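Here the structure is laid out as structure tokens; the discussion comes afterwards.
4 protein chains.
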Amino acid sequence: MEHNKSREKLFHDERKFTEKQMDILAAATELFAEKGFAATSTSEIARKAGVAEGTIFRHYKTKKELLLSIVNPLMVNLIGPIVKEDINKVLDTNFNHFEEFILAMIDNRRVFIEKNLSLLQILIQEISFHPELKEQFIEHIGKEIFGRLQQVIRHFQAKGEIVLIPASSVIRMAGSTVLGYIMTRNIIASADNWDDEAEVERTVQFLMKGLSP
Amino acid sequence: MEHNKSREKLFHDERKFTEKQMDILAAATELFAEKGFAATSTSEIARKAGVAEGTIFRHYKTKKELLLSIVNPLMVNLIGPIVKEDINKVLDTNFNHFEEFILAMIDNRRVFIEKNLSLLQILIQEISFHPELKEQFIEHIGKEIFGRLQQVIRHFQAKGEIVLIPASSVIRMAGSTVLGYIMTRNIIASADNWDDEAEVERTVQFLMKGLSP
Amino acid sequence: MEHNKSREKLFHDERKFTEKQMDILAAATELFAEKGFAATSTSEIARKAGVAEGTIFRHYKTKKELLLSIVNPLMVNLIGPIVKEDINKVLDTNFNHFEEFILAMIDNRRVFIEKNLSLLQILIQEISFHPELKEQFIEHIGKEIFGRLQQVIRHFQAKGEIVLIPASSVIRMAGSTVLGYIMTRNIIASADNWDDEAEVERTVQFLMKGLSP
Amino acid sequence: MEHNKSREKLFHDERKFTEKQMDILAAATELFAEKGFAATSTSEIARKAGVAEGTIFRHYKTKKELLLSIVNPLMVNLIGPIVKEDINKVLDTNFNHFEEFILAMIDNRRVFIEKNLSLLQILIQEISFHPELKEQFIEHIGKEIFGRLQQVIRHFQAKGEIVLIPASSVIRMAGSTVLGYIMTRNIIASADNWDDEAEVERTVQFLMKGLSP
DNA sequence: AATGAATGAGTGTTCATTCAT
DNA sequence: AATGAATGAACACTCATTCAT
Numbered sequence: 001m002e003h004n005k006s007r008e009k010l011f012h013d014e015r016k017f018t019e020k021q022m023d024i025l026a027a028a029t030e031l032f033a034e035k036g037f038a039a040t041s042t043s044e045i046a047r048k049a050g051v052a053e054g055t056i057f058r059h060y061k062t063k064k065e066l067l068l069s070i071v072n073p074l075m076v077n078l079i080g081p082i083v084k085e086d087i088n089k090v091l092d093t094n095f096n097h098f099e100e101f102i103l104a105m106i107d108n109r110r111v112f113i114e115k116n117l118s119l120l121q122i123l124i125q126e127i128s129f130h131p132e133l134k135e136q137f138i139e140h141i142g143k144e145i146f147g148r149l150q151q152v153i154r155h156f157q158a159k160g161e162i163v164l165i166p167a168s169s170v171i172r173m174a175g176s177t178v179l180g181y182i183m184t185r186n187i188i189a190s191a192d193n194w195d196d197e198a199e200v201e202r203t204v205q206f207l208m209k210g211l212s213p
Numbered sequence: 214m215e216h217n218k219s220r221e222k223l224f225h226d227e228r229k230f231t232e233k234q235m236d237i238l239a240a241a242t243e244l245f246a247e248k249g250f251a252a253t254s255t256s257e258i259a260r261k262a263g264v265a266e267g268t269i270f271r272h273y274k275t276k277k278e279l280l281l282s283i284v285n286p287l288m289v290n291l292i293g294p295i296v297k298e299d300i301n302k303v304l305d306t307n308f309n310h311f312e313e314f315i316l317a318m319i320d321n322r323r324v325f326i327e328k329n330l331s332l333l334q335i336l337i338q339e340i341s342f343h344p345e346l347k348e349q350f351i352e353h354i355g356k357e358i359f360g361r362l363q364q365v366i367r368h369f370q371a372k373g374e375i376v377l378i379p380a381s382s383v384i385r386m387a388g389s390t391v392l393g394y395i396m397t398r399n400i401i402a403s404a405d406n407w408d409d410e411a412e413v414e415r416t417v418q419f420l421m422k423g424l425s426p
Numbered sequence: 427m428e429h430n431k432s433r434e435k436l437f438h439d440e441r442k443f444t445e446k447q448m449d450i451l452a453a454a455t456e457l458f459a460e461k462g463f464a465a466t467s468t469s470e471i472a473r474k475a476g477v478a479e480g481t482i483f484r485h486y487k488t489k490k491e492l493l494l495s496i497v498n499p500l501m502v503n504l505i506g507p508i509v510k511e512d513i514n515k516v517l518d519t520n521f522n523h524f525e526e527f528i529l530a531m532i533d534n535r536r537v538f539i540e541k542n543l544s545l546l547q548i549l550i551q552e553i554s555f556h557p558e559l560k561e562q563f564i565e566h567i568g569k570e571i572f573g574r575l576q577q578v579i580r581h582f583q584a585k586g587e588i589v590l591i592p593a594s595s596v597i598r599m600a601g602s603t604v605l606g607y608i609m610t611r612n613i614i615a616s617a618d619n620w621d622d623e624a625e626v627e628r629t630v631q632f633l634m635k636g637l638s639p
Numbered sequence: 640m641e642h643n644k645s646r647e648k649l650f651h652d653e654r655k656f657t658e659k660q661m662d663i664l665a666a667a668t669e670l671f672a673e674k675g676f677a678a679t680s681t682s683e684i685a686r687k688a689g690v691a692e693g694t695i696f697r698h699y700k701t702k703k704e705l706l707l708s709i710v711n712p713l714m715v716n717l718i719g720p721i722v723k724e725d726i727n728k729v730l731d732t733n734f735n736h737f738e739e740f741i742l743a744m745i746d747n748r749r750v751f752i753e754k755n756l757s758l759l760q761i762l763i764q765e766i767s768f769h770p771e772l773k774e775q776f777i778e779h780i781g782k783e784i785f786g787r788l789q790q791v792i793r794h795f796q797a798k799g800e801i802v803l804i805p806a807s808s809v810i811r812m813a814g815s816t817v818l819g820y821i822m823t824r825n826i827i828a829s830a831d832n833w834d835d836e837a838e839v840e841r842t843v844q845f846l847m848k849g850l851s852p
């Protein structure tokens, strides 16, 4: 009768799900993140979700479809919209300086990532093994977000706040730095001597200086 | 009778291996990298290595032991020594400036990574699922390398070439950046518009500026 | 679609079994008795039972659990109760003489053994290799039955019908004789010149005289 | 480097064996007795004997041949001759009374069984699974010994010391009793309250009385 | 919608046996 | 005579998936 607390949050915007279906999604998410997709058995998921194994296949034709059902909304409904929102703010010149933009993104992302850490872990782990995922990623995150980020970067380059190198390089560096920060933070999760405030501060400084003209 | 070209390179320094054993290691490496450890079957490995399935288990008691046999030497014999070498050069004041050090590391690493890309992929993919790997990593890379890198960073901080923030933060940022560069480079491997020279140049510049006092 | 005739008899008092489960039990019983536990493969059992191999493991987690599922009820539900019944009759002084008791036991046992010969064979063969079986045997047959038999023997010793030696010795001798009779009878099963009536008569006489004061 | 102490005794009369061969026989004997023939692997035997697995198959074409090589001499060279000897003593009227004969047999057997307990265990366990063994047993023990025992029994029946029932029945009863005594003794081996002298005395008394006219 | 018994292909692993050295 | 690497068939057991209820 294990009821996952994050269940309601994760998938709650989708009305069409039944109780059991949400239990399945929550259980699968947790297990995929913990042991990997291939190493998780459907019987395990069923047991953890408190449903019969057949029930899983009533909702998802295959185990892979279950994986996609978990990861796709992450890309389609969650990452996309949020990033777009940030970016729109910039393009509407709500952010006057690059630093403000970076800070807002990190902050926004931090909340988001904390909530969806296991989802992200699954995405990162499995993306290289499943071409469909890669395609979806390129489709939803890659193209759109990348294109919009390019706009932002060019916007700040035009304002003389960012060094004049290809936007893709900027994105790569900023992305690596932010992702690296998040990964470290969550891998060294248990570490006690981690001063989040200060680390963010340093990371932003590093980015700002590194990308300054 | 598929003979893997990288076989000789990967494990050739270890004399104790038989022909078949090396075929097994090469096949397993390739498949683990391509499909993941859990999704690769021993029968597949045997087929690709051109040996009987039983032969695998004559050399490696379990599939997991095979994984460790692939990944452990990477940590013990390859990553460790090379990094140490670089660092010793610095501590012997062969590098007068931080930039030279970073460049040397990237360069060194680039060759190494190109040679051992699939090994690294396996390590990165599997490390979170196998506590033994994590421990070994902390033991061999974590503790030693981290400690030595700290020395280097403090060395350059003392010379006023690096900003005065905790060495661990510097390592994280530099690490993320370098790793991010490598990952992007190899994921976008097929991309045609990738100017390696220039990208390295930009990355180093980014790092230098980002970490400057 | 081989339907074992003894299936219904062997396990029919247990309502909880499905059709297939009973087929599995019957097939396993026959094969274990015929070739021994270790020499019987689960695929063989499945084939004989007319089910898929996986079905066996849906009902019994391991091959050993299947063995225990066959042998345990023999000890818990069959041997125990029947022997107790006999003994209770004696203690209720339904048997005035030791001879009557022995005859009743042999007779009772004979029917029982004929019905469950293969089960008994399995028990005898495997008991020395499986500590769990030994423990269960001591628990259910050893302790209880032994204790009750002691009472009976002392009862008849008090009446002056049995020689005054330790009850355990009496049990050993009577047990060996009865078991020896049964084993011979069933090993030399095919022999034509076996007069059961007369052999029982002789065996009882032998026991009576042997144990007389 | 495990050297079995009983090794020399067990097979020492056969000069043709090499060192290793005797190690193999000793190891196999111990393991077959402990876990049963089918549950013992040749690799286990090789390990315990301190030889390579191939060496076993140099001497014994199959695992089964190894079993037969262990059990056959027991029947051909050991049981047979000893029993014959006893019997010859009787027929040469060295034993004037049945009791003397029984006592001599039990005593003789006791030494023998103690020495060859594991061999006997193997024989008893495996005889029902291997037709060859059964045949050999009937050939060497069954026919010959049985025939000679019949003579003895008739001899004592003629002297009026044994009840006039078929010799086969007498053999069965005496055999069960003796075997039962031995088995109990060795199964309850560790029991502390086992007074061997007294038990033999009782067992002989039981037999004598049971078989008296 | 949900179950859970049933499946058969597949899993990692062990087996007895072979053979070049 | 002895080895030990190699084998492929078999092993116990698990898998994702189906389907009658």
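Residue numbers (my numbering), protein chains in the order written: chain S, 1 to 213; chain C, 214 to 426; chain Y, 427 to 639; chain A, 640 to 852. Here a beta-carbon is modelled for each residue, glycine too, at the ideal position from N, C-alpha and C. Treat the numbers as computed from the prediction; the structure is a model and nothing was measured.
Member of C/Ala262, C/Ala252 and C/Gly249 whose CA lies at the smallest distance from the CA of C/Ile240: Reading off the sequence, residue 240 of chain C comes out as Ala, not Ile. The option with the nearest alpha carbon to C/Ala240 is C/Ala262.
Identity of the residue in Y/Lys585, Y/Ile579 and Y/Thr610 nearest Y/Arg598 by Cα: Y/Ile579
7 Å Cβ cut-off: residues of chain C touching S/Arg202: Ile378 and Ser382
Cutoff 7 Å; reference S/Val163; Cβ partners in own chain excluding five residues on either side: Leu211, Ser212 and Pro213
Cβ-based neighbour list, C/Leu362, same chain, cut-off 6 Å, excluding 5 preceding and 5 following: Ile384
Classification of S/Leu25 by the beta-carbon crowding that lies within 10 angstroms, buried from 16 upward: buried
C/Ile295 - DSSP class collapsed to helix/strand/coil: helix
Where S/Pro131 falls: helix, strand or coil (DSSP): Three-state result, S/Pro131: helix.
Residue-chain proximity (S/Ser41, chain C), Cβ-Cβ < 8 Å: no
Terminal residues of the alpha helix (DSSP H) in which A/Leu803 lies: Neither: A/Leu803 is in no alpha helix (DSSP H) and is coded neither H nor E.
Within 7 Å of chain Y by C-beta, residues of the region 771-793 of chain A in sequence order: none
Endpoints, the alpha helix (DSSP H) within which S/Asn108 is located: Phe98 to Lys115
Chain A within 8 Å of Y/Ser638, Cβ atoms only: yes
With 16 other Cβ atoms within 10 Å as the buried cut-off, status of S/Asn88: exposed
Positions along the region 297-322 of chain C whose CB lies within less than 7 Å of some CB in chain S: none
Cβ-based neighbour list, S/Tyr60, same chain, cut-off 7 Å, excluding 5 preceding and 5 following: Leu66 and Ser69
Residues, ordered as in the chain, of the region 32-62 of chain S that lie near chain C by beta-carbon distance below 7 Å: Lys35, Gly36, Ala38 and Ala39
Contact under 8 Å by Cβ, Y/Val604 with Y/Ile532: yes
Proximity of A/Ile752 and A/Ala672 at Cβ, strictly below 8 Å: no
Which listed residue (S/Val200, S/Glu19 and S/Ser43) has its alpha carbon closest to that of S/Arg185: S/Val200
Where the alpha helix (DSSP H) containing S/Thr55 begins and where it ends: In this chain, the alpha helix (DSSP H) harbouring S/Thr55 covers Glu53 to His59.
Where the alpha helix (DSSP H) through A/Met714 begins and ends: The continuous stretches of alpha helix (DSSP H) do not include A/Met714, and DSSP gives it neither H nor E.
CA-to-CA distance, S/Ile138 to S/Asp92, given in whole angstroms: Approximately 26 Å between the Cα atoms of the pair.
Span separating the alpha-carbon of S/Glu85 from that of S/Phe17: 27 Å
Where S/Leu207 meets chain C, residues with beta-carbon distance less than 8 Å: Gly423
Beta-carbon contacts of A/Ile684 that lie in its chain and below 7 Å, excluding the five residues immediately before and after: Ile663, Ala666, Ala667, Leu670 and Ile695
Within chain S, the residues that C/Glu412 reaches when beta carbons sit closer than 7 Å: Ser169
Members of the region 813-825 of chain A near chain Y, C-beta cut-off 9 Å: For the region 813-825 of chain A, which is checked against every Cβ of chain Y, the residues closer than 9 Å are Gly814, Ser815, Thr816, Val817, Leu818, Gly819, Tyr820, Met822 and Thr823.
Endpoints, the alpha helix (DSSP H) within which C/Phe419 is located: Asp409 to Leu424
Amino acids of chain A, ordered along the chain, whose beta-carbon sits closer than 9 Å to that of Y/Phe555: Simply Glu673, Lys674, Gly675, Ala678 and Gln764.
Other residues of its chain near Y/Met501: CB distance less than 7 Å, five sequence neighbours each side excluded: Gln562, Phe563, His566 and Ile567
Y/Val497 and Y/Leu543 closer than 8 Å at C-beta: no
Closest Cα partner of Y/Ile505 within the set Y/Lys490, Y/Val477 and Y/Lys541: Y/Lys541
Y/Met634 beta carbon less than 8 Å from that of Y/Glu385: As displayed, chain Y neither begins before 427 nor continues past 639, which places residue 385 of chain Y out of reach and without an answer.
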